[in-house]
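Residue numbers (this note's numbering): 1178 to 2125.
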């Protein structure tokens, strides 16, 4: 035991001294191992710090209150809820529509409890830039019960009705500051900003805080008086039982409130939840809390383990040659150890000690940097995540486990160099002789078997199953087999040397002759390039699929702007003019929408005094599959047949207006590129232009039902009857063929709508442009629209935009850096091995250019072999994954056809990214060779060669 301790102590001291002596090589290996440790440790710290404890979450939600009471909007009907109040539903099962309406929450609050109202609505507030849609909150933030919900920054919370506080994000976005006057659109009252605060869970929210009753109610009344939408305020109640209830609200008390239609978030219940069997919601039929299945968790763990294993393999392949360089440069020292009585296990211990020293140093450096950087970047991380950390959560066991990976990786990377060094004789080490050692015959066989088994598994997974995990596992096994085959493949590359010029021929033969150092470097490049090519192929194939599936919302270069909110379209003219001024507009087509009820009604109704409209589809033109209760009467074959019926065809473009009905003129046809002269003529004659022949009845007319009584309409729909309403009919021109109207079903001329007594309000406009708007023009337009404070839907049809190009570029650069690094390490090892040859070249008068060229080609040869093998190894798994995706989508498509779907067949192509592969094959090896040539010393001192 004592001998073992002293031998390892000496080995570690020697390893530490060598690591300090060769700082450049040590730093390179340390960086390769420490960077992944830094990233994973920083990710762990960030996720753990962002993960709030239950107490921290309750403080941000409830302050110091015992519970928050919320109306479930079920009209007082009983509900069932989860203990954390995140999920709830009605206790009864309703066949028709569910109950709705408000209930008196205060009746469910126990007598003697302290209550604090928390109301939230919204409005448009005047800023230095125009108007900003802002959340308005009325909560007495100075009350002790509210402590923790808002965090005060500067100033103070409001104490008078004419004062407000604002979130920091609102002040930045609005250009206002503490002391500024604040007004709301539609309200004459002024408020003074007295402080700034933030919501710990919502840093990016635009919100102002006022005292209860100071802002929401006056603004709501003023807006409704102007026939505008109100603030849509909702109120919850923070409740504290105080001395009368030191235990807070128990689960039984929560259920009593649930019986009255009240949702309760209780501190006591959340901290100590009841057993699952005591929660009625979990026992309800059809309930699911969406917990992840054990199989899915196992698959995720397997995927994570595979990624970690491949990452460690990559680091070992990169760091292993670096340790081999150190062993070669220290072979005389290792020979002296053997000459003084040291045996093979002492030699192995010294080399392994180098891996242990570098691994421990990498673990310490990576962990310390992760802690320091995460702490220093905490404000930026919080801003990025949009929430404050609860605490800086350092978990030693997790960080220790991550750091242990660095130590294990360092040891694994040093295993092969340690074994190789220990096999050299003392005489060979002292004289510098390398000897001759045949390549292993077992390793290629093992690699070939692994490739065959892995390819078979991946093929089975892609052709016979829908499991991506099987394909990924088979591909990983096949890639490991290719790595094992690398020494044999390197030997095959040597056969092309006879056709190469002198310098590359010498470099290639030197690489083949010294496969022990060439194979790990080639394998490292292979692994990096294989991953890049696999992801690039999959990404390029997905990009081609998305491009084929892309559905333009407008003709290329066209622009549309819509204002869907209520208000009678008062802001629409301003928005229309802003678009025309900011963009290169060619044709402008103003459009209105049909409106039922008050002019201030929003497009989809829902407010008092507002109705709806619907296009009347003749019964003979209705799709049988869409009728209530009819779809179950058909067999899959009948559904497939009906799916091809013209009455069941649907437009895949999303309509920006209810029912696809717009009120406009012939200019709209020009913008939409509808080439039908009869359509323009029909609009001029007061006829409706229809793009959907299902809407045209046997008399050649289209009809619209105006529904004013929404309650009666809901009851009629529940009874499977036509809703009551006045029907307006119009003469129609049906556009022939399958014209792409970009989501529109019909265009009604303004005069025809007016003559029929159909109410309309301004909605927006369509524009054709002389040139595609630039990003700068769109930014300018966005700024002008923001000044209106209106919720505007702006669309600029730029065609399909591929986001994968940036990914491909990043992957190519990453592979290039890995390839250059691996090839550079191989070059260093080659120079250590070829020291005697370089001395011979210098002795015979070879110029510096020859030595530089030789070093460059040695590096380039490794890079070329690795890129070629990696490209082949990377394409195969990507093809397997795409075939699996194709099989899955074809299965879904067949199921959809059985249901009567008319969706087009799936298009899942396999696209090889030739440009990326060309960049890897040409640019990367060329860059690696040039870099190696540049860093090679041109002058070398002549020395005595060892006797051979």
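For glycine and all other residues, C-beta sits at the position ideal for the given N, C-alpha and C.
By the neighbour-count criterion, in which 16 or more other beta carbons inside 10 Å mark a residue as buried, residue 1624 falls on the buried side.
Per DSSP, the continuous alpha helix (DSSP H) segment holding residue 1447 begins and ends at 1444 to 1448.
When DSSP assignments are scanned along the region 1255 to 1299, the uninterrupted stretches of beta strand (DSSP E) that are 3 or more residues long and fall wholly within it turn out to be 1256 to 1258 and 1265 to 1267.
Per the coordinates, the alpha-carbon of residue 1696 lies some 21 Å from the alpha-carbon of residue 2030. The residue from 1199, 1535, 1646 and 1300 with its alpha-carbon nearest to that of residue 1311 is 1300. Annotated as distal: residue 1663 and residue 1619, with beta-carbon spacing of 8 Å or more. For residue 1733, there is no enclosing alpha helix (DSSP H), since its DSSP letter is neither H nor E. Take residue 1437, set aside five residues on each side of it, and the residues of its chain with a beta-carbon closer than 8 Å to its own are 1253, 1255, 1280, 1284 and 1285, in chain order.
Here residue 1721 is not near residue 1660, since their CB atoms are 8 Å or more apart. A contact between stretches requires three or more CB pairs, one per stretch, nearer than 8 Å, and the region 1438 to 1447 meets this requirement with the region 1416 to 1425. Ranked by how close their Cα comes to the Cα of residue 1574, the residues 1225, 1193, 1655 and 1772 have 1225 in first place. The three-state reading of DSSP puts residue 1552 in helix, counting H, G and I together.
Remark: C-beta atoms of residue 2063 and residue 1731 do not approach each other more closely than 8 Å. Per DSSP, residue 1459 is not a residue of any beta strand (DSSP E); the alpha helix (DSSP H) it occupies stretches across 1457 to 1460.
By the Cβ test, the region 1190 to 1201 is in contact with the region 1525 to 1539, since at least three Cβ pairs between them sit closer than 8 Å. Distance between residue 1637 and residue 2102, taken at the CA atoms: about 35 Å. The C-beta separation of residue 1412 from residue 1296 comes to about 4 Å, placing the pair in contact by the 8 Å criterion. Annotation for residue 1429: the continuous alpha helix (DSSP H) segment containing it runs 1428 to 1435. For residue 1772 and residue 1551, the gap between their C-alpha atoms comes out near 55 Å. Spanning the alpha carbons of residue 1221 and residue 1712 requires a straight line of approximately 25 Å. Counting only residues of its own chain and dropping the five nearest sequence neighbours on each side, residue 1217 has a CB closer than 6 Å to the CB of 1579.
Selection 1596, 2047 and 2035 evaluated against residue 2110 yields 2035 as nearest (Cα-Cα). Under the 10 Å beta carbon count, residue 1304 is surrounded by 16 or more other beta carbons and is classified as buried. Cβ-Cβ separation between residue 1537 and residue 1584: approximately 6 Å, consistent with a contact (criterion under 8 Å). If you ignore the 5 residues before and after residue 1793, its C-beta comes within less than 7 Å of the C-beta of 1880, 1881, 1882 and 1904, all in its own chain and listed in chain order. The alpha-carbon of residue 1934 is positioned some 18 Å away from that of residue 1862. Per the C-alpha coordinates, the member of 1527, 1925, 1563 and 1245 positioned closest to residue 1878 is 1925.
As DSSP reads the structure, residue 1904 sits in a beta bridge with 1882. The closest CA to that of residue 1837, considering only 1923, 1298, 1965 and 1668, is found on 1923.
The count of Cβ pairs closer than 8 Å, one atom from the region 1326 to 1345 and one from the region 1355 to 1368, reaches three, so the stretches are in contact. Comparing alpha-carbon positions, the option among 1949, 1725 and 1867 lying closest to residue 1909 turns out to be 1867.
Within the DSSP bridge table, the entry for residue 1358 names 1369 as partners. Take residue 1374, set aside five residues on each side of it, and the residues of its chain with a beta-carbon closer than 8 Å to its own are 1318, 1327, 1328, 1329, 1330, 1334, 1342, 1343, 1344, 1345 and 1386, in chain order. Counting every other CB atom within 10 Å of its CB across the protein chains shown gives residue 1911 a total of 16 or more, marking it as buried. For the set 1900, 1777, 1582 and 1917, the Cα lying nearest the Cα of residue 1827 is the one of 1917. With a 10 Å radius around the Cβ and a threshold of 16 neighbouring Cβ atoms, residue 1523 comes out buried.
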